[in-house]
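Colleague: Questions regarding the structure given below will be posed in turn.
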Amino acid sequence: PEAALLAGLLKAPSRLSPARDPKAAEQRAQLVLAAMRDEGKISAKELTTAMSAPASRVASYWTGSENYVADAIVEELPDLIGDVRGDIIVDTTVDLTLQKLAEQSIRRLIDGSGKKLNASQGVLVSIDNSGAVRAMVGGYDYSTSQFDRASEARRQPGSAFKPFVYMAALEAGRTPDSVRNDAPIKIGKWTPTNYGGKYFGKVTLATALAKSLNSVAAQLTMEVGPDAVVEAAHRMGVRSDLTANTSIALGTSEVTPLELTSAYVPFANGGYRPDVHFIRRVTTAGGKVLYDNNGGGAPRVIKPEIVGMMNSMMTGTVEIGTARKAAFAWPAAGKTGTSQNSRDAWFIGYTANLTTGVWFGNDDGGPMKKVTGGALPAQAWHEFMVAAHEGVPVRPLPGTWRSTPADTIVQDEIPSNAAQPAPVPSASVGQSAPSAQKASPPRAVRPAETVDAAGFGMPGGGGTTASIKRPVPPGDVGGPVKKRQTSILDILTGG
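Laid out in C-alpha cells, this is it:
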C-alpha cells in the first residue's frame, strides 16, 4: 500500500500529499492498486489485502507550509533537468527547523493580534547569502489556499522600496550625511505626505530613511530621476515591471515578497546578486548527478562603498527608526513598508547571515487596522531571526562608512529642475540636523569586506561564508557544498 500511495503522488504531488489530504491520497492509491490488478501485476486477493490495510503515515515533522516549498521545487525541476523518467533524489536548500519556525511565527501572530487587526494572511521568506531559500511560508494555511503569496502575489511594497531610491542617490554622489529639508512638497498634481502628517525640517538622508520620510524620498527621486530608481531595483534583483514615475519613491509598483527579499540580499553579502534557488543538487537513484548548484558566478551589483553607506543607513531603521521592534543582539538592517490604508505591511531585514522578508495583508486587498511594517512584520521577523541566530557568534554587516564630522556637513547642491519643498521651520528630532552645529553621531566603522573565490563579498576578511551553525546549515559561499538531508520525498510525504 505504501508503494501505491507514493506512485499515486506523481499526478499531483502537493494536492495528493498524505500530509495535506490523507483521504485523497488513499483514494488515489486504491486507483493505482486497481490498475495493477487490471495489468496482472497483483492478484485479486492481493488487491483485497492491500485495500484492507491502507498505508499509515508516521508523525510528521512538517506542519503544513512545506507544501508551498514543494510546489516551488516541482515548478523549478523541469528547467534544471528536463524530462527525466526514473527515480531521482532532490537535495533542497530548505532547512526543516527554520521552516517550522517561520510557520509558527506567522500563524501565532495572525491567530493573536492579526484577528483583531483584520490581518488574515502572512508571508515569510528567508534567503542566505548564496541565494539559497532556507524557509518560505506562502500563506496562513495551505490546506485552504494553495496560492503561494510569496512568489505569486504582487503587492505594493510601500516604503520597503525606498532603499533603491537612496541607493540611486548615493550612486549619484549623495552621502548618508547629505541634508534635505523634510517639508510639504508638491510635484505636479502629486503631494506626497509623511505618515502621520509630521515633518522634521532639515534632516540627514540617514535620518530620513530611518524615519521613512516620504518628502525626502520624493525629492531624491526627482533629483536622480525615476529611471535611475527603476534601474537600481532591477539590478538588485526585482524582476517585476516597474513604472518609472515620481510615485515609485513610495513603492507604488507591485512586487512579490520573494523578489523583494532577494533584492536585499546584496546588502547582506557585500554587493553580489546570487540566483535565488530551492534546489541544491539532483541525482539519479544510482548516484549520477543531473544538476549541481555550485553557488558561484554572482555578479557584483553595488560598489563596496555604497554597500557600507546603505548598511549604515538601514541599521538606523532598526536602531532608532520604524523597525525598532525587530532589533536583537545581532547587527541588523532593513526597511519597513506600509501601503495606502494599511493594505500591505512589510519588513525586509538582514544580518550578515540571513535576509528575511515578512508581509502581512489580506487576499482581497482589504485594509488592516493601522498595521504598519514596524508592527506585525517586525515582530515576526524578530521572533524568527532570534531563534535562527541562537548560539551563533555575532558577525558584523559588510562594508565601511564613517559619518562626516558635524562641522563639515553642508546642504548638497540640488539640480535646478528638482522638486523643492516649501520652506517650514526646522525641527530637531532624533538625528535631525537643523543646522551645521548638530549632526548624526558617527557610526562605528565596520570591517572592510573581502571577496572570496566565488565572487561574494563577506565581512571579516576570511573569505568564507558567515554561517549559522545552529539551526541553519552553513551556506555555500566560499566553501564546499554541504550535502543536505532534506529531499523532495521528505516534503511531499511530510516525513
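Numbering (our numbering), first residue to last: 80 to 574. Glycine is no exception: its CB is placed at the ideal position from the N, C-alpha and C atoms.
(1) For Gln-298, does the three-state DSSP call read helix, strand or coil?
(2) Cα separation between Gly-413 and Lys-290?
(3) Spell out the partners DSSP gives Asp-150 in its beta bridges.
(4) Please state whether DSSP places Met-447 in a helix, a strand or coil.
(5) Gly-350 and Val-397: beta carbons closer than 8 Å?
(6) Confirm, please, whether the CB-CB distance from Val-380 to Arg-314 is below 8 Å.
(7) Give the single residue among Thr-272, Ala-251 and Leu-203 whose Cα lies nearest to the Cα of His-461.
(8) Name the one or two DSSP bridge partners that Ser-205 has.
(9) How long is the line joining the alpha carbons of Ala-403 and Lys-265, rounded to whole angstroms?
(10) Residue range of the beta strand (DSSP E) that Asp-170 falls in?
(11) For Thr-322 versus Trp-269, is the C-beta spacing smaller than 8 Å?
(12) Which of the three DSSP states, helix, strand or coil, is assigned to Tyr-370?
(13) Does the region 332-345 come into contact with the region 420-431, if we say contact requires no fewer than three beta-carbon pairs (one atom in each stretch) closer than 8 Å?
(14) To the nearest whole angstrom, what separates the beta carbons of Thr-363 and Gly-210, a pair I think is in contact under 8 Å?
(15) Among the residues of its own chain, which have a CB less than 7 Å from the CB of Arg-233, if the five just before and after it don't count?
(16) Would you mind sorting Thr-223 into buried or exposed? The rule is 16 or more other CB atoms within 10 Å of its CB.
(17) DSSP has Thr-283 in a bridge; who is on the other side?
(18) Is Thr-235 helix, strand or coil by DSSP?
(19) Do Tyr-245 and Gly-143 have their beta-carbon atoms positioned less than 8 Å apart in this structure?
(20) Using the beta-carbon count (16 or more within 10 Å), is Gln-235 buried or exposed?
(21) Tell me which residues share the same chain as Met-388 and place their Cβ nearer than 7 Å to its Cβ, disregarding the 5 neighbours each side in the sequence.
(22) Roughly how many angstroms lie between the CA atoms of Pro-502 and Arg-352, to the nearest whole one?
(23) Going by the beta-carbon positions, is the gap between Lys-120 and Arg-107 smaller than 8 Å?
(24) Excluding the 5 residues flanking Leu-159 on each side, which residues of the same chain have their C-beta closer than 7 Å to its C-beta?
(25) Going along the chain, which residues of its own chain have a beta-carbon closer than 8 Å to the beta-carbon of Met-447, five neighbours each way excluded?
(26) Please state whether the Cβ-Cβ distance between Val-303 and Ile-327 is less than 8 Å.
(27) Return the CA-CA distance between Arg-187 and Ala-123, expressed in angstroms with no decimal places.
(28) Which residues does DSSP pair with Lys-414 in a beta bridge?
(29) Helix or strand or just coil, what does DSSP make of Gln-200?
(30) Within the same chain, show all residues whose beta-carbon is closer than 6 Å to that of Gly-316, passing over the 5 residues directly before and after it, in chain order.
(31) Whose CA, out of Ala-431, Pro-472 and Leu-292, lies closest to the CA of Gly-237?
(32) In whole angstroms, what separates the C-alpha of Ser-495 from that of Asp-261?
Modeller: If we stick to the structure as given:
(1) helix
(2) 12 Å
(3) Answer is none; Asp-150 lacks a bridge partner.
(4) coil
(5) no
(6) yes
(7) The candidate whose alpha carbon is nearest that of His-461 is Leu-203.
(8) Ala-214 and Thr-435
(9) Checking the sequence, you will find Arg at residue 403 rather than Ala. Roughly 30 Å separates the two Cα atoms.
(10) Per DSSP, the continuous beta strand (DSSP E) segment holding Asp-170 begins and ends at 167-171.
(11) no
(12) The three-state reading of DSSP puts Tyr-370 in strand, counting E and B together.
(13) yes
(14) Not confirmed; about 25 Å, so no contact.
(15) Ser-319, Glu-333, Val-334 and Thr-335
(16) exposed
(17) Val-258
(18) First, the amino acid is wrong: residue 235 is Gln here, not Thr. Coil at Gln-235, not helix or strand.
(19) At a Cβ-Cβ threshold of 8 Å, Gly-143 and Tyr-245 do not count as neighbours.
(20) buried
(21) Leu-249, Thr-254, Pro-255 and Trp-480
(22) Low per-residue confidence applies at Pro-502: pLDDT is 38, beneath 50, and the placement is therefore not dependable enough to give any value.
(23) no
(24) Ile-358, Val-361 and Tyr-370
(25) Spatial neighbours of Met-447 in its own chain (CB-CB distance under 8 Å, excluding positions within 5 residues in sequence) are listed in chain order as Leu-196, Asn-197, Ala-198, Ser-421, Arg-422, Ala-424, Phe-439, Gly-440 and Asn-441.
(26) no
(27) Pairing Arg-187 with Ala-123, the inter-Cα distance amounts to about 49 Å.
(28) Ile-427
(29) Reduced to three states, the DSSP call for Gln-200 is strand.
(30) Ser-341, Ala-342 and Arg-352
(31) The shortest Cα separation from Gly-237 among Ala-431, Pro-472 and Leu-292 belongs to Leu-292.
(32) Residue placement at Ser-495 cannot be trusted, given a pLDDT of 45 that sits under 50; the coordinates are not used to answer.
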